[in-house]
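Engineer: Under this note's numbering, the sequence shown has 300 at position 295, and the numbering climbs by one with no breaks. All C-beta atoms, glycine included, are put in the ideal place defined by N, C-alpha and C.
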Amino acid sequence: MDETPFRRRGNGVMAAATLSACLVCILILQQGRGIWLDEATSFWFTRHDIGLGEIIRERWIADVHPPLFSAYAWVLEPLLGGSVRSMRLVNLGGLLLAALTGVQAWRRGIDRDFLALFAVMVAGSPFFILYAAEFRSYFLQLLFGACLIIQLRMLHAGRASWPMLALTGLLLVNLHYMGSLIGLTLIGAEAIYLAFSGRRRAATGSISILLLALLPLAGALGAMLSVISPVAVNDISALRGLVAIGAVLGSATVPYVAALALLPRATPPRGEDHSFMLVMGGSLAAIAASYALLNLATHNLLSRHMIAAAPIGAAIVALLLKAHAKDNRIGFGLICANALLLAGAATTYGLTHQRWETNLARIESARATCPQGRLYALNPLSLLAPGDKLHSVPAIDEFFGLTYRLIVPDVELLPQGHAITSPGPCPALLWVEHHYARPDASDMELARIPGFAGPIRIRRLQRGDARALLAVYPGR
């Protein structure tokens, strides 16, 4: 136990203030960030438009993700539902587990400066802030990854809470098929250390937890494969995969200039801290190698698939700097300030990059000026070749249409509808999102694809690599 009173030194106050500020950033971003396709997908999997039995049979089993997150959000939907933004609040439920884990570790004598440094570095990291404001499972994966590290630190010190360790491992492993690798690797690495250090009972307990977590994952995977054939919708090269791996694994350490600047002054950890750091380092190397090989096999690896690994680097840095933090309040304060700057930058980015809502203000302005004009949205599948593998993704048409309708409920979807121009002065608005398949298509080509026929004139309101908003007038 640290002999210097933690609170008297002010580290606890600074850490609490930093974590509170990060929470404020998250709450602001949850309401202000634009929605996108994957959030509408989560919304579709969790709404109560059909009975639970039908949802399990027709949606959850056919999902390419384990049903745990959808089931959790489905339970909370009556309390939070109605919009994607309100459903983003499900992420805050994970903070309860984090708080319980932190208090438990505090009371069981885990070094408080390590806990404070680790919490600050994780909470201020860009992925933590941005994904907390997204209705997907990624934030909970990152958060549960951090909780699992703390639980394993207690196990390493011989102060384990086996029920909490089992719960955390079970939750993390069953949130995402590709992300499950992280929880399994962390638990497995600690079990190997325990076995080689002669703590066979603890090693056996760890392996039991690992196997327990695998059971529902294997069941869900088997059920999913019995009804669908998963489609790899990305084509990630080996180099891009390595860049994604590096970005995630360094996301909670590399941006912390203040922490990295203090590392040359750090005292090398000893005893349990040293051996636990080796476990974390070994886990990090194993995870990086495993994902690199996985991407070579699937070419479908994205940074968010590995997000639960982000806290591992923060744990290593916190172990290296905790002794320095005991004697250097200024250094600890600089790390907290660094976290606040990162959280503020991530919040600003999220508020200024509105994703599928990028053109919402332009649409509202155009409709206010010309209320008689009709608003059309193009299904991006229309831009793909007939044999493209994306067509075989279950319910993909529903996901695209739902995303548009969640933003503008009265939008007319094309090509299911009929594209017509108004004879008066008001143009028809053509709204196109996710047009990565045809970024080189001209404005006229984009208008012809959904069915605008005959002589037309086009005025570009916005055009980028991912989206477009065109005003279509009758030709002369």
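Quick check for students: name the residue ranges of the alpha helix (DSSP H) that lie wholly in the segment 20–78, counting only runs of 4 or more.
Structural biologist: 42–51, 57–60
Engineer: DSSP state of residue 474, grouped into three classes?
Structural biologist: Sequence index remark: in the sequence shown, residue 474 carries index 469 (1-based). Residue state, collapsed to three classes: strand.
Engineer: Check residue 17 in the structure and name its three-state DSSP category.
Structural biologist: Locating residue 17 in the sequence shown gives position 12, where the first residue counts as 1. Correct three-state label for residue 17: helix.
Engineer: On the three-state DSSP scale, how would you describe residue 146?
Structural biologist: The residue labelled residue 146 in the question sits at position 141 within the sequence shown. In this structure, residue 146 counts as helix in the three-state DSSP scheme.
Engineer: Once DSSP output is grouped into helix, strand and coil, what is the label at residue 464?
Structural biologist: In the sequence shown, residue 464 corresponds to position 459, counting from 1. Residue state, collapsed to three classes: strand.
Engineer: Does the separation of the CB atoms of residue 41 and residue 360 fall below 7 Å?
Structural biologist: Looking up residue 41 in the sequence shown gives position 36. Looking up residue 360 in the sequence shown gives position 355. Yes, Cβ-Cβ distance for residue 41 and residue 360 is below 7 Å.
Engineer: For residue 56, count the other beta carbons within 10 Å of its own beta carbon; 16 or more makes it buried, fewer makes it exposed. Which is it?
Structural biologist: The count along the sequence shown starts at 1 and reaches residue 56 at position 51. Residue 56 is exposed by the Cβ-count criterion.
Engineer: Mind checking residue 53: buried by the 16 CB within 10 Å criterion, or exposed?
Structural biologist: Translated into the one-based positions of the sequence shown, residue 53 becomes position 48. With fewer than 16 Cβ atoms within 10 Å of its Cβ, residue 53 is classed as exposed.
Engineer: Sorted by chain position, which residues of the same chain lie with C-beta nearer than 6 Å to residue 431's C-beta, five sequence neighbours on each side aside?
Structural biologist: Here the question's residue 431 lines up with position 426 in the sequence shown. These residues qualify, in order along the chain: 375, 377, 378.
Engineer: Taking the alpha carbon of residue 455 as the reference point, which residue from 469, 471, 201, 437 has its own alpha carbon closest?
Structural biologist: Here residue 455 refers to the residue found at position 450 of the sequence shown. Measuring from the Cα of residue 455, the nearest candidate turns out to be 437.
Engineer: By the DSSP assignment, the alpha helix (DSSP H) with residue 418 in it spans what residues?
Structural biologist: Here residue 418 refers to the residue found at position 413 of the sequence shown. No alpha helix (DSSP H) holds residue 418; the beta strand (DSSP E) holding it covers 417–419.
Engineer: Taking the alpha helix (DSSP H) that residue 170 falls in, what are its first and last residues?
Structural biologist: Translated into positions along the sequence shown, residue 170 becomes position 165. Segment 167–178, the alpha helix (DSSP H) holding residue 170.
Engineer: Can you tell me whether residue 438 is helix, strand or coil according to DSSP?
Structural biologist: In the sequence shown, counting from the first residue as 1, residue 438 sits at position 433. Strand at residue 438.
Engineer: Alpha carbon to alpha carbon, how far is residue 184 from residue 101? Give it in angstroms, no decimals.
Structural biologist: Sequence index remark: in the sequence shown, residue 101 carries index 96 (1-based). Sequence index remark: in the sequence shown, residue 184 carries index 179 (1-based). Inter-residue distance for residue 101 and residue 184 is about 21 Å (C-alpha atoms, whole angstroms).
Engineer: Does the count of Cβ pairs from the segment 313–320 and the segment 277–290 closer than 8 Å reach three?
Structural biologist: yes
Engineer: Considering only the beta carbon of each residue, do residue 452 and residue 435 sit closer than 7 Å?
Structural biologist: Taking the first residue of the sequence shown as position 1, residue 452 is located at position 447. Taking the first residue of the sequence shown as position 1, residue 435 is located at position 430. Closer than 7 Å, so yes.
Engineer: Beta carbon of residue 133, beta carbon of residue 125: below 7 Å?
Structural biologist: By 1-based counting over the sequence shown, the position of residue 133 is 128. By 1-based counting over the sequence shown, the position of residue 125 is 120. Cβ distance not < 7 Å, so residue 133 and residue 125 don't count as in contact.
Engineer: Taking the straight line between their C-alpha atoms, what separation do you get for residue 242 and residue 304?
Structural biologist: By one-based count along the sequence shown, residue 242 stands at place 237. By one-based count along the sequence shown, residue 304 stands at place 299. If I take the Cα positions, the gap works out to 6 Å.
Engineer: Looking at the unbroken beta strand (DSSP E) that takes in residue 383, where does it start and where does it end?
Structural biologist: Position 378 of the sequence shown, counted from the start, is the residue given in the question as residue 383. Segment 380–383, the beta strand (DSSP E) holding residue 383.
Engineer: Just to confirm, is the Cβ distance from residue 140 to residue 89 under 7 Å?
Structural biologist: Walking along the sequence shown from the start, residue 140 turns up at place 135. Walking along the sequence shown from the start, residue 89 turns up at place 84. Yes.
Engineer: Exposed or buried, what is residue 409 when buried is set at 16 or more other beta-carbons lying within 10 Å of its beta-carbon?
Structural biologist: If you number the sequence shown from 1, residue 409 lands on position 404. It is buried - the Cβ of residue 409 has at least 16 other Cβ atoms within 10 Å.
Engineer: Taking 6 Å as the limit between beta carbons, can you name the residues of its chain near residue 12, skipping five residues before and five after?
Structural biologist: Translated into positions along the sequence shown, residue 12 becomes position 7. With a pLDDT of only 47 at residue 12, under 50, the local geometry of the prediction cannot be trusted, and the value read off the model is given with reservation. Excluding positions up to five away in sequence, the list is empty.
Engineer: Classify residue 201 as buried or exposed, calling it buried when 16 or more other Cβ atoms lie within 10 Å of its own Cβ.
Structural biologist: Numbered from 1 along the sequence shown, position 196 holds the residue referred to as residue 201. With fewer than 16 other Cβ atoms within 10 Å, it is exposed.
Engineer: Per DSSP, what kind of secondary structure is residue 479 in: helix, strand or coil?
Structural biologist: Taking the sequence shown and counting its residues from 1, one reaches residue 479 at position 474. Residue 479: strand per DSSP, three-state reduction.
Engineer: Determine the DSSP secondary structure at residue 200, reduced to helix, strand or coil.
Structural biologist: Residue 200 sits at position 195 when you count from the first residue of the sequence shown. Residue 200: helix per DSSP, three-state reduction.
Engineer: Any idea which residues DSSP pairs residue 433 with across the strands?
Structural biologist: The residue labelled residue 433 in the question sits at position 428 within the sequence shown. Paired residue(s): 477.
Engineer: Answer with buried or exposed for residue 327, where buried requires no fewer than 16 other C-beta atoms within 10 angstroms of its C-beta.
Structural biologist: As a working note, residue 327 is residue 322 in the sequence shown. Buried, by the Cβ-count rule.
Engineer: In chain order, what residues of the same chain have a beta carbon less than 7 Å from the beta carbon of residue 109, not counting five sequence neighbours either side?
Structural biologist: Here residue 109 corresponds to residue number 104 of the sequence shown, with the count starting at 1. So the list reads 166, 169, once near-sequence residues are dropped.
Engineer: For the candidate residues 334, 398, 277, whose alpha-carbon lies nearest to that of residue 237?
Structural biologist: Translated into the one-based positions of the sequence shown, residue 237 becomes position 232. Nearest in C-alpha terms to residue 237, of all of 334, 398, 277, is 398.
Engineer: Is residue 455 helix, strand or coil when you go by DSSP?
Structural biologist: In the sequence shown, the residue the question calls residue 455 occupies position 450. DSSP, reduced to helix, strand and coil, places residue 455 outside both helices and strands of the structure shown, so it counts as coil.
Engineer: What ranges does the alpha helix (DSSP H) occupy inside the segment 286–349, keeping only unbroken runs of at least 4 residues that lie completely in it?
Structural biologist: 315–332
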